[in-house]
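Trainee:
In our numbering, the protein residues as written are 63 to 218.
(1) So, under 8 Å CB-CB, residue 212 and residue 148 are touching, yes? Tell me the CB distance rounded to an integer number of Å.
(2) Nearest-angstrom Cα distance between residue 206 and residue 74?
(3) Under 6 Å Cβ to Cβ from residue 167, same chain only, skipping five residues before and after it: list those, please.
(4) Report the three-state DSSP secondary structure of residue 84 (helix, strand or coil).
(5) Kindly list the residues whose CB is nearer than 6 Å to the CB of residue 197, restricted to its own chain and excluding five residues on each side of it in sequence; keep chain order.
(6) If I'm right that residue 139 touches residue 157 with Cβ under 8 Å, what's the distance once you round it to whole angstroms?
(7) Quick check: what's the CA-CA separation for residue 134 versus residue 145?
(8) Check for me: the alpha helix (DSSP H) holding residue 186 runs from which residue to which?
(9) When we look at the beta-carbon of residue 151 and count the other beta-carbons within 10 Å, is it buried (16 or more) or exposed?
(10) Measure the C-alpha to C-alpha separation of residue 67 and residue 200 and round it to an integer number of angstroms.
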C-alpha cells in the first residue's frame with residue numbers, strides 16, 4: 063500500500079510534466095512551446111559557460127545566466143530513478159534542488175530561445191510553466207511521503 067501512494071504522486075507529477083510539454087511556457091521571445099523549451103533547454107545547458115564570458119565582458123544582462131534553470135529536468139529524471147530504488151534521503155535533496163531551480167525561472171526575463179544561441183526577451187509565464195513547476199512540487203511531495211511512510215513502516 064505504501065508503495066502505491068508514492069507511485070500515485072510520481073504518476074501525477076509525470077502527467078503534469080507531459081502536459082507542460084504541450085502547452086506554452088512563456089509569452090513572447092520566440093517559440094515558448096513546452097516541448098521545444100525542453101529541447102532548447104538541453105542546448106542551454108551546453109552554452110551555460112557563456113555566462114562567465116558575458117559576466118567578464120562588461121555587457122552583463124543575465125541572458126545566459128538563466129540557462130542553469132534547465133538543469134532541473136535531468137535532476138527530475140534522477141529523482142524518479144532514486145524513488146524507484148527507494149533511496150529517499152538523496153531523492154529529497156535532489157528533488158528540493160530541482161524544485162528550487164524550476165521555481166527560480168519566475169525571475170527570468172531573458173533566455174536563449176532559439177537555435178541562434180543568443181538570448182532574447184521573454185514575457186509573462188504561461189500555463190506550461192505552472193504545470194512544469196507543479197510537476198516538481200508533486201515529485202518533492204512524493205519524496206517526502208515515500209520517506210515518511212518508509213520511516214513509519216507504512217503506518218500513518
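Ideal Cβ placement from N, Cα and C applies to all residues, glycine included.
Mentor: This is what the structure holds:
(1) 7 Å
(2) 15 Å
(3) 131
(4) coil
(5) 75, 78, 79
(6) Not confirmed; about 11 Å, so no contact.
(7) 16 Å
(8) That residue, residue 186, is in no alpha helix (DSSP H); it is neither H nor E in DSSP.
(9) exposed
(10) 12 Å
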